[in-house]
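Structure, as structure tokens:
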Amino acid sequence: QAKAAGRNAICFFRPGMQAEADKRLDMEKDLRLAIARDQLKLFFQAQIDENGEVCGAEGLLRWEHPQYGLIAPDRFIPVAEETGLILPIGEWVLQTACEYITKWSKGELSQSLSHIAVNVSPWQFRQPDFPLQVEKILARTGTDPRRLGLELTEGVVIDNVADTADKMASFKAIGVKISIDDFGTGYSSLSYLKKLPLDILKIDRSFIEEVTVDESNAAIVGTIIAMADHLGLEVIAEGVETQEQLEFLYNSGCKRYQGYFFSKPLPVEQFELFVSDSIRRRLSNCES
Ligand code: C2E
Ligand code: MG
Ligand code: MG
Ligand code: MG
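Numbering (UniProt numbering), first residue to last: 452 to 739.
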């Protein structure tokens, strides 16, 4: 008993903990059913190029819970990872993204949405048959692989460089683009950057946040951009929220942006409207 263990003993139980554990179990149970019950939604956030035009998007997962409403991925992805549910969920994300990519590749949004990326969990990426699974989904949905991107975090890369390099090479061979997400927050050495067949570095939002007020963040961002340039990698700045941040990035040579300044992640219908509106605005600007 905790009490008998004395005052200074670590307390393994506090009121509320059982409730938390129960909630987690509930979540796990609900999450198991979420796919079948059609409660997972893929939102899309636009990526913008140096001319202010939409050039792609990132798919971001949401869970529409009948009781709790819209749940953000940070709240349920960890549970999905612990329980293995991330595998079917990750497959659903890929399948769903590819269905939209195919749809958009045919219509008026085709040029603006030439590249759609999804997030891949470390465990998902570590599956030996992951590249094969992606190829199957591409084939099944009739998706042009060059339109699909996969976002990985630095942790995935350093965890097993040889396996990562092999898998990346097989994606490179079919034209699927690889991004390193949240770049700059991991503990990776920079030497892997030149060893791996990467395409894009996404500068983490935490650096962008204070880029106009904190000189060291400005220096870090400038260095990442210069380094990416030398290595022939594209850079995308995450979490661009203000005009000042945008100007700093533009002047530092970063030509792709994602953030609330342009748009939040949107449900598909709204996202499609956002993109077609931005195409229309561009056309009317050309005429005037
Ligand atoms: P991430 O891939 O780094 O995605 C960027 C996150 O930043 C998104 O949060 C996005 O809504 C948010 N964001 C974008 N622009 C701004 C901005 O200007 N300001 C601020 N404050 N935030 C901004 P979200 O959608 O909550 O996703 C959080 C994380 O969950 C993602 O980070 C990603 O790691 C993970 N995630 C999302 N979808 C999936 C998925 O399908 N599979 C896996 N494995 N992970 C996912
Ligand atoms: Mg991402
Ligand atoms: Mg990120
Ligand atoms: Mg993140």
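Note that beta-carbon positions come from the ideal geometry of N, C-alpha and C, so glycine has one too.
query: I'd like to check one pair, Asp650 with Lys628: are the Cβ atoms closer than 7 Å?; result: yes
query: Any heavy atom of ligand 2 within a distance shorter than 6 Å of the CB on Asp632?; result: yes
query: By alpha-carbon positions, which one of Asn736, Gln696, Gln490 and Pro539 ends up nearest to Gln578?; result: Pro539
query: Measuring straight from C-alpha to C-alpha, what distance separates Gln452 and Ala472?; result: In this predicted model, Gln452 has a pLDDT of only 40, less than 50, meaning its place in the structure is not dependable; the value taken from the coordinates is given anyway. Whole-angstrom Cα-Cα distance: 19 Å.
query: Identify, in the order they occur along the chain, each residue of the same chain with its Cβ nearer than 7 Å to the Cβ of Trp543, setting aside the five sequence neighbours on each side.; result: Ile486 and Leu491
query: So if DSSP puts Phe634 in a beta bridge, which residue, or which two residues, is it bridged to?; result: Ile654
query: Determine the burial state of Met468: buried for a count of at least 16 other Cβ atoms within 10 Å of its Cβ, exposed for fewer.; result: exposed
query: Mind checking whether Asp655 and Phe634 have CB atoms under 7 Å apart?; result: yes
query: Only counting the same chain, and skipping five residues up and downstream in sequence, which positions put a Cβ closer than 8 Å to that of Tyr567?; result: It is worth fixing the name first, because residue 567 is Ile in this sequence and not Tyr. Hits under 8 Å: Phe495, Gly507, Ala508, Glu509, Gly510, Ala548, Tyr551, Ile552, Trp555, Arg598, Leu599 and Gly600.
query: Applying the 10 Å Cβ sphere with the 16-neighbour rule, what's the burial state of Arg707?; result: buried
query: I think Val726 touches Phe699, with their Cβ atoms under 8 Å apart; what is that distance to the nearest whole Å?; result: So it is not a contact: roughly 26 Å between Cβ atoms.
query: Relative to the alpha-carbon of Tyr638, which residue among Ala470, Lys653 and Glu605 has its alpha-carbon at the smallest distance?; result: Glu605
query: Opposite Ile567 in the DSSP bridges: which residues?; result: Ala508 and Leu599
query: Determine, using beta carbons only, whether Ile687 and Lys653 come nearer to each other than 7 Å.; result: yes
query: Of the residues Gly503, Leu644 and Thr594, which one's Cα is nearest the Cα of Met678?; result: Leu644
query: Measuring alpha carbon to alpha carbon, tell me which of Ser572, Ala670, Pro582 and Glu660 ends up nearest residue 400.; result: With the chain running from 452 to 739 in the structure shown, residue 400 is simply not present.
query: Going by C-alpha distance, which of Glu559, Glu689 and His516 is nearest Phe658?; result: Glu689
query: With hydrogens ignored, establish whether the beta-carbon of Glu586 is closer than 6 Å to any heavy atom of ligand 3.; result: no
query: Excluding the five sequence neighbours on either side, which residues of its own chain have a C-beta within less than 6 Å of the C-beta of Asp728, listed in chain order?; result: none
query: Among the residues of its own chain, which have a CB less than 7 Å from the CB of Val607, if the five just before and after it don't count?; result: Pro573, Phe576 and Thr615
query: Taking 7 Å as the cut-off, decide whether the C-beta atoms of Pro582 and Ser621 are in contact.; result: yes
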